[in-house]
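So the structure is just underneath, and the comments pick up after that.
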Amino acid sequence: MTAPSSIVIAVAFLMLPLLTSCSIGPGTDRPPLDDSTFVHVLLDLHLVDAQVALGNSRGTTGENAPEMSSHAVSMRDSILARHEATAAEFEETVSWWASRPEQFLTLYEDVLERINRKSM
422 MTAPSSIVIA VAFLMLPLLT SCSIGPGTDR PPLDDSTFVH VLLDLHLVDA
472 QVALGNSRGT TGENAPEMSS HAVSMRDSIL ARHEATAAEF EETVSWWASR
522 PEQFLTLYED VLERINRKSM
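Following this line, the structure appears as structure tokens:
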């Protein structure tokens, strides 16, 4: 399995709990966040997640781990605010896309391409 495929599968599994908690479903025409905004939010969230993971791999564990967790939540909230989105809109958008996995994979390929361009 290639790295992008495993990332897509991991994200899909992480989104499953949201399916049962959000009200937006297949019958809704559009998600709360437009595609461009959602792609940018996902991109920024992945970059922050990578920074947090890199910090953890450098020995930020034990007593410092809760601080990193609250820092990650703060960063997520900052990212959403920068894109003029709320946590509820983001979660509803994730739920909307999770009910359309084939379409989501196409959108997520854009996120992965942008990550790859930034890493070069």
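Start counting the sequence shown at 422; every next residue gets the next number (this note's numbering). All residues carry an ideal CB built from backbone N, CA and C; glycine is no exception.
Sequence-distant partners of Ile-536 (beyond 5 residues in either direction) whose C-beta falls short of 8 Å from its own C-beta, in its chain, are Leu-464, His-467 and Leu-468. The beta-carbon separation of Glu-510 and Leu-475, rounded to 28 Å, does not stay under the 8 Å limit for a contact. Taking a C-beta distance under 8 Å as the contact criterion, Leu-501 and Val-462 qualify as a contact pair. Counting along the chain, Pro-522 sits inside the alpha helix (DSSP H) bounded by residues 522-540. As the crow flies, the alpha-carbon of Ser-457 is around 14 Å from that of Arg-503.
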